[in-house]
Each structure stands twice: as C-alpha cells, then as structure tokens.
Amino acid sequence: MNHSTIYLTKRMLISKVQQAGRVAAKEAMEVMGYVVTVRDGWVVKQHADGSIERIKELEV
C-alpha cells in the first residue's frame with residue numbers, strides 16, 4: 159500500500175465510525191430519551207427535549 163491509499167483508507171474508516179456513532183446516538187435518543195456524551199469538559203446527559211444535565215467534570 160502506498161501512502162495515499164493508507165490515508166484514504168484511514169479517512170474512510172474515520173468517516174464510517176463517525177456515521178455509525180451518529181446513528182447509534184439517534185437510536186439511543188429514540189429508545190431511552192437521552193444520550194450521555196462529553197461536552198466542554200463535562201460528561202453530560204442530553205435529553206430529547208434538548209435540556210442538558212451535567213453529570214461529572216472531567217479531569218484535565
């Protein structure tokens with residue numbers, strides 16, 4: 159494999175992983191009514207109505 163092929167493969171993998179993450183988050187929101195994620199240095203629970211609940215601040 160040459161360098162450009164490796165780069166393209168890596169980019170395709172990253173793209174697919176990000177896409178799968180978005181699909182999983184959408185499905186979790188539909189089933190559970192919330193998703194847990196990281197935002198601005200905090201672990202947060204994001205509810206279907208758009209409200210956000212801080213759970214824990216991450217250590218830097």
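With the working numbering applied, the sequence shown covers 159 to 218.
Each residue gets a CB set at the ideal place from its N, CA and C atoms; glycine is no exception.
Since the model is a prediction, treat every value here as computed from it, not as a measurement.
Nearest neighbour of G191 by Cα position, chosen from S209, W200, S162 and L171, turns out to be S209. For V201, same chain residues with a beta-carbon under 6 Å away, outside a window of 5 residues either side, are I213 and K214 in chain order.
Annotation for V201: the continuous beta strand (DSSP E) segment containing it runs W200 to H205. Counting along the chain, E211 sits inside the beta strand (DSSP E) bounded by residues I210 to E215.
In the DSSP assignment, V218 falls outside any alpha helix (DSSP H) and carries neither an H nor an E.
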